[in-house]
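Accompanying notes for the structure given below.
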Amino acid sequence: MVRAVLLHNRAVNNDVIQQPELQQLRIFAAVAQARSYRRAATVLNLSPSAVSQAMRRLEESLGLPLLNRSTRSVALTAAGERLLAQSLPALLELEQAFASVRALGAELSGSLRLSVPRSAARLLLAPLVARYVRAYPQVQLELSTQDEMVDIVERGFDAGVRFAERLPADMVAVPLSAAQRFIVVATPDLLSRVGLPQTPQDLLTRPCIRQRFASGALFHWEFVSQGQDLTLDVRGPLTVDDQSVVLPMALEGLGFAYVYEQAAREHLASGRLQEVLADFCPVGTAFSLYYPGRRQASPALRAFIEMLREV
Numbered sequence: 000m001v002r003a004v005l006l007h008n009r010a011v012n013n014d015v016i017q018q019p020e021l022q023q024l025r026i027f028a029a030v031a032q033a034r035s036y037r038r039a040a041t042v043l044n045l046s047p048s049a050v051s052q053a054m055r056r057l058e059e060s061l062g063l064p065l066l067n068r069s070t071r072s073v074a075l076t077a078a079g080e081r082l083l084a085q086s087l088p089a090l091l092e093l094e095q096a097f098a099s100v101r102a103l104g105a106e107l108s109g110s111l112r113l114s115v116p117r118s119a120a121r122l123l124l125a126p127l128v129a130r131y132v133r134a135y136p137q138v139q140l141e142l143s144t145q146d147e148m149v150d151i152v153e154r155g156f157d158a159g160v161r162f163a164e165r166l167p168a169d170m171v172a173v174p175l176s177a178a179q180r181f182i183v184v185a186t187p188d189l190l191s192r193v194g195l196p197q198t199p200q201d202l203l204t205r206p207c208i209r210q211r212f213a214s215g216a217l218f219h220w221e222f223v224s225q226g227q228d229l230t231l232d233v234r235g236p237l238t239v240d241d242q243s244v245v246l247p248m249a250l251e252g253l254g255f256a257y258v259y260e261q262a263a264r265e266h267l268a269s270g271r272l273q274e275v276l277a278d279f280c281p282v283g284t285a286f287s288l289y290y291p292g293r294r295q296a297s298p299a300l301r302a303f304i305e306m307l308r309e310v
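Counting along the sequence shown from 1, when you hit position 237 you're at 236 in numbering that gives the first Met the number 0, and nothing is skipped either side.
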């Protein structure tokens, strides 16, 4: 790799072509976006003459005019348009890389408030939160767990976690998990007493453990039957307001339960619970971390997102 770079540089030098400098490209991008030498100089905290000289050297190094300049305006040539389109993404990535490296030299502090469903906090976030707290002990991390959808901007949260399909369109989303599948489970004893359901509709005549959201709405069970979505408002002797309570009640044989497959895996393996209607349960959807797209993420949130992507 190093030898190839050296050979390339030697060939360039032999052809007497001078490579543009990074600062020259930064100045060019600023001029191209501002369409003004003077405005670009103000943004970059440089003198107009320094901007003009940098542009002259850049055009000389490339052997092509990049800008058409008049007394009133600056316009890009065809070469300038191409250079801006191909160099701007790289410049932005470099700026982000520099900012990330600079952040290593400063101890991260401040606060980070997240709105998280109870199930996501229980099943997914514990290892990530532990790693984050150890890495950034000066950040005050607060998890607010609630199953209902909240307005994170109005409630003062930096970010939230919800199923990807339920996120507002103006939010930036970062995948947090693989698809989370819901399944129907029951104890072997319950199945021997009430019989094995053959279709989702059979659950309407069997005891089920229901869940009510804080809004007062009941959680409806979702299935797929003959290629069509099917939603059931099941009945049963017990209603709870927390998904984490459903599984222990199911283990007591109080009814059929609609739970995360991941949460029930251990009990399925031990035989304490049995899955039913597997062919009717959809694949599910994934959780995403989301935050407002119209404002810049705080340093504490950016660090959390970077750690999430690494995991």
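Glycine residues also receive a C-beta, built at the ideal position from the N, C-alpha and C atoms.
Local conformation of residue i per DSSP, three classes
i, result
"LEU253", "coil"
"LEU217", "strand"
"GLU274", "strand"
"ARG38", "helix"
"PRO298", "helix"
"MET54", "helix"
"VAL15", "Residue confidence for VAL15 is low, a pLDDT of 40 falling below 50, so the modelled location carries little weight; the figure read from the coordinates is stated next. Of the three classes helix, strand and coil, the one that applies to VAL15 here is coil, per DSSP."
"PRO247", "helix"
"GLU309", "helix"
"SER48", "helix"
"TYR259", "strand"
"ARG130", "helix"
"ILE208", "strand"
"PRO187", "helix"
"ALA29", "helix"
"ALA78", "helix"
"ALA172", "strand"
"ARG154", "coil"
"ASN8", "Confidence at ASN8 is low in this model, with a pLDDT of 43, below 50, so the placement of that residue is unreliable and no value is reported for it."
"LEU203", "helix"
"LEU87", "helix"
"GLN95", "helix"
"PHE303", "helix"
"GLY104", "Because GLY104 sits at a pLDDT of 43, beneath the cut-off of 50, its placement in the model cannot be relied upon, and the following sentence gives the value as read from the coordinates. Three-state DSSP puts GLY104 in coil, outside helix and strand."
"LEU63", "coil"
"GLU359", "A query on residue 359 cannot be resolved here, the shown segment of the chain reaching from 0 to 310 and no further."
"GLU164", "helix"
Proximity of residue i and residue j at Cβ, strictly below 9 Å
i, j, result
"SER176", "ALA119", "yes"
"LEU107", "LEU124", "no"
"ALA78", "LEU63", "yes"
"SER114", "ILE151", "yes"
"ASP188", "GLY252", "yes"
"ALA40", "SER46", "yes"
"LEU229", "GLN179", "no"
"ALA28", "LEU83", "yes"
"LEU202", "LEU231", "yes"
"ALA277", "VAL138", "no"
"ARG205", "GLY194", "yes"
"LEU66", "ALA53", "no"
"LEU57", "LEU24", "yes"
"GLY155", "ARG117", "no"
"ALA302", "ALA172", "no"
"LEU127", "VAL310", "yes"
"ASP157", "SER297", "yes"
"VAL275", "PRO196", "yes"
For residue i, the residue or residues it bridges with in DSSP
i, result
"ALA224", "Note that residue 224 is Ser in the sequence shown, not Ala. Its beta-bridge partners are GLN227."
"GLY159", "SER114 and TYR289"
"THR284", "GLN179"
"SER143", "SER114"
"LEU237", "ILE208"
"VAL73", "ARG68"
"VAL138", "GLY109"
Cβ-based burial, residue i [other Cβ within 10 Å; buried from 16]
i, result
"PRO88", "exposed"
"LEU6", "The pLDDT assigned to LEU6 is 38, lower than 50, so where the model puts this residue is not dependable; a value taken from the coordinates is nonetheless given after this. That one is exposed."
"ASP146", "buried"
"GLY104", "With a pLDDT of 43 at GLY104, under the threshold of 50, the modelled position of that residue is not reliable, and the figure given next carries that caveat. Flag for GLY104 reads exposed."
"GLU305", "exposed"
"GLY159", "buried"
"VAL4", "The predicted model places VAL4 with a pLDDT of 37, which falls under 50 and marks its position as unreliable; any figure quoted below should be read in that light. Exposed."
"PRO136", "exposed"
"PRO236", "exposed"
"ALA249", "buried"
"GLY226", "exposed"
"VAL233", "buried"
"PHE286", "buried"
"PHE212", "exposed"
"ALA263", "buried"
Nearest-angstrom beta carbon gap, residue j and residue i [assumed within contact, 8 Å]
i, j, result
"ARG271", "THR198", "Wrong, their Cβ atoms sit about 25 Å apart, outside the cutoff."
"MET170", "PRO291", "6 Å"
"ILE208", "VAL239", "7 Å"
"TRP220", "TYR257", "5 Å"
"PHE97", "THR284", "Going by Cβ atoms, the distance from PHE97 to THR284 rounds to 37 Å, so no, they are not a contact pair."
"VAL223", "PHE279", "6 Å"
"LEU288", "LEU307", "6 Å"
"GLN273", "LEU190", "6 Å"
"GLN210", "GLN261", "Contact doesn't hold; Cβ gap of about 17 Å is too wide."
"SER311", "TYR36", "What is shown of the chain runs 0 to 310, which leaves residue 311 out entirely."
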